[in-house]
Amino acid sequence: MEFSHQFSLQNYNSFNIKAITPTIYFPKTVVDLEQLPDLHDSSFYILGDGSNTLFVDHHAPIIIKPEFKGISILETPDNYIVSVGAAENWHDFVCLCIEQGIYGLENLALIPGSVGAAPVQNIGAYGLELSHFCTQVKWFEFSSKVIKEINKNSCQFSYRDSIFKQTLYNKGIITEVVFSFPKSWQANLSYAGLSDLGDTPSAKAVMDRVISLRQMKLPDPRKLPNAGSFFKNPIVTEQTLILLKKCYPEIPFYPQNHGSIKLAAGWLIEQAGLKGYCKNGVGVHENQALVLVNYSSERGQNIVALAKHVQQQVLTKFNISISPEVRMITVNGEQSFNHLVIDSESE
Ligand code: EPU
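For the sequence shown, my numbering begins at 6 and goes up steadily by one.
The following block contains the structure:
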């Protein structure tokens, strides 16, 4: 198996933060996975394309970067069953599907990252989540050293969450994701920005619109390093919404199943006066306040300090606690954001 020591991760994270791992492994076959050292007692992190990861310290833990490639398509009378290697690029996969006449993922176009990372946080945008079409995740379990198949119903998919962030966290590596796309496709135009596409737009037209919406609002990580939405949209009770609406009648909100309400963290951050705010070479993006951007810093700590400031200001103004969607990786492995301490250089 390919591996490297004292490896720089600066080009392996979309924040372009400088971090060094003692060892990075690039498994691309099951035999490679079987040969991985026992990492039971070590800190390690499984890295996809690094578009939802913040390396907090100059030193990173051991990294495993799966390299499973390949796409296979099986046709049944009513569906296309598509199996995709974890290391395939998500957007390239979406484009390939649309080109091949396999429709469904067009609303999720241009989301950065790898296919293997997509089920971990159940990626979602423009009225659609991955869980809608994902039927199975194949997964190498460290303890048994075999590939297991986890069906959709066992994946515990919810908003930006799945079993892979919970009970199966660091217990194995996703190797392949399986999707089923009904041939009887219908455009999903539930998101406000898509509703003017007419009654029967093509999947390509929906994809083009999603791409242009994203390009308008979200900074391109290759030009201005960022990790997409930095915070998750908070879920609150109806009671909280009623109180907020008294002071902020225009507050955007999205009713969820079971009576809870999703608020727009970007709106809360903008109302807290932080859109465009900058410090230590990092800032809150000017067009989409949910995105933190790195103008010129090499230190993950500067982004942590900014995120803590944003969290605190939103808490002070609205009494709502927002938490990051981005994963915080320290030298000791992944840490919860609330437990991170800012060093004096970044304060
Ligand atoms: N808003 C503001 N100011 C801002 C940003 C947003 O007032 O700076 C308001 C908007 O006007 C709108 C509401 O907040 O009323 C929601 O904004 P938007 O539709 O842009 O979506 P979002 O909730 O900010 C979520 C996802 C995005 C996804 C979009 C579109 C999360 C954490 N983010 O953002 O996902 O692309 O919806 O569906 O759920 C990502 O995860 O990296 C990501 C970009």
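Glycine included, C-beta positions come from ideal geometry on N, C-alpha and C.
Per DSSP, the bridge partner or partners of residue i
{"i": "residue 10", "result": "28"}
{"i": "residue 343", "result": "Paired residue(s): none; residue 343 is not in a bridge."}
{"i": "residue 283", "result": "288"}
{"i": "residue 332", "result": "58"}
{"i": "residue 260", "result": "266"}
{"i": "residue 130", "result": "133"}
{"i": "residue 153", "result": "144"}
{"i": "residue 307", "result": "Its beta-bridge partners do not exist; DSSP assigns none."}
{"i": "residue 49", "result": "67"}
{"i": "residue 85", "result": "80, 186"}
Residue i beta carbon near ligand 1 (any heavy atom closer than 7 Å)
{"i": "residue 262", "result": "no"}
{"i": "residue 293", "result": "yes"}
{"i": "residue 237", "result": "yes"}
{"i": "residue 131", "result": "yes"}
{"i": "residue 196", "result": "yes"}
{"i": "residue 53", "result": "no"}
{"i": "residue 311", "result": "no"}
{"i": "residue 223", "result": "yes"}
{"i": "residue 269", "result": "yes"}
{"i": "residue 233", "result": "yes"}
{"i": "residue 257", "result": "yes"}
{"i": "residue 330", "result": "yes"}
{"i": "residue 111", "result": "no"}
{"i": "residue 153", "result": "no"}
{"i": "residue 275", "result": "yes"}
{"i": "residue 170", "result": "no"}
{"i": "residue 74", "result": "no"}
{"i": "residue 4", "result": "The structure shown does not extend to residue 4, since the chain is modelled only from 6 through 352, so no value can be given for it."}
{"i": "residue 95", "result": "no"}
Own chain partners of residue i with C-beta closer than 6 Å, once the 5 adjacent residues on each side are dropped
{"i": "residue 218", "result": "198"}
{"i": "residue 292", "result": "222"}
{"i": "residue 54", "result": "118, 119"}
{"i": "residue 267", "result": "238, 240, 259, 261"}
Contact set for residue i: own chain, Cβ-Cβ below 8 Å, skip 5 residues either direction
{"i": "residue 39", "result": "150"}
{"i": "residue 67", "result": "26, 27, 28, 29, 30, 44, 47, 48, 49, 50"}
{"i": "residue 97", "result": "none"}
Assigned secondary structure, residue i (DSSP; H/G/I helix, E/B strand, else coil)
{"i": "residue 70", "result": "coil"}
{"i": "residue 190", "result": "coil"}
{"i": "residue 217", "result": "helix"}
{"i": "residue 166", "result": "strand"}
{"i": "residue 337", "result": "coil"}
{"i": "residue 235", "result": "coil"}
{"i": "residue 325", "result": "coil"}
{"i": "residue 99", "result": "helix"}
{"i": "residue 139", "result": "strand"}
{"i": "residue 90", "result": "strand"}
{"i": "residue 245", "result": "helix"}
{"i": "residue 255", "result": "coil"}
{"i": "residue 298", "result": "strand"}
{"i": "residue 177", "result": "strand"}
Supposed contact pair residue j and residue i - C-beta distance, whole angstroms, cut 8 Å
{"i": "residue 22", "j": "residue 60", "result": "5 Å"}
{"i": "residue 186", "j": "residue 109", "result": "4 Å"}
{"i": "residue 65", "j": "residue 95", "result": "Residue 65 to residue 95, Cβ: 23 Å. No contact."}
{"i": "residue 315", "j": "residue 279", "result": "6 Å"}
{"i": "residue 307", "j": "residue 287", "result": "5 Å"}
{"i": "residue 91", "j": "residue 132", "result": "Actually they do not touch by this definition, with Cβ atoms about 25 Å apart."}
Chain-order list of residues whose beta-carbon lies under 7 Å from that of residue i (same chain, five-residue window excluded)
{"i": "residue 103", "result": "111, 208, 209, 212"}
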